[in-house]
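Numbering (my numbering), first residue to last: 13 to 152.
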């Protein structure tokens, strides 16, 4: 009985350590991503504020950046600008609905096509390598 309790206690103690190793990675073009997005070639973004937010006037000579941020971050930008390394930038905040409905599908389609091209390139190189390697193994 003591062994069973000890095993249960040991399992309970190691469970949080195992759970802490779990990481979720969300990148640009996926729902749930927050950060800077590149709007070149995308439909006109719907922004939260008509004018860009600026924390420091030194940003006036640079083009604005577009960010997708969680609700409340745009409203309290002074508090959150450091998280996005954007305190010294002119910032437009894109609406979540635009990001989800317009940006994500367009981004995924554009990058899926690029991934398919890279796969084809790799397949071609692998086939070339296989052709060159035939007959050059041990004993030939």
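All residues carry an ideal CB built from backbone N, CA and C; glycine is no exception.
Note that the structure is predicted; figures quoted are calculated from it, not measured.
Contact under 9 Å by Cβ, residue i with residue j
| i | j | result |
| --- | --- | --- |
| residue 79 | residue 47 | yes |
| residue 61 | residue 98 | no |
| residue 40 | residue 119 | yes |
Length of the line joining the Cα atoms of residue i and residue j
| i | j | result |
| --- | --- | --- |
| residue 29 | residue 111 | Low confidence applies to residue 29: its pLDDT is 44, below 50, so where it sits in the model is not reliable, and the reading given next is rough at best. Going from the Cα of residue 29 to the Cα of residue 111 covers about 35 Å. |
| residue 103 | residue 83 | 15 Å |
| residue 65 | residue 42 | 25 Å |
| residue 109 | residue 58 | 9 Å |
| residue 107 | residue 81 | 9 Å |
| residue 117 | residue 77 | 21 Å |
| residue 50 | residue 56 | 12 Å |
| residue 122 | residue 63 | 29 Å |
Distance between beta carbons of residue j and residue i, contact taken as under 8 Å
| i | j | result |
| --- | --- | --- |
| residue 54 | residue 101 | Incorrect: roughly 19 Å between the Cβ atoms, too far for contact. |
Residue i classed as buried or exposed, judged by whether at least 16 other C-beta atoms fall within 10 angstroms
| i | result |
| --- | --- |
| residue 68 | exposed |
| residue 124 | exposed |
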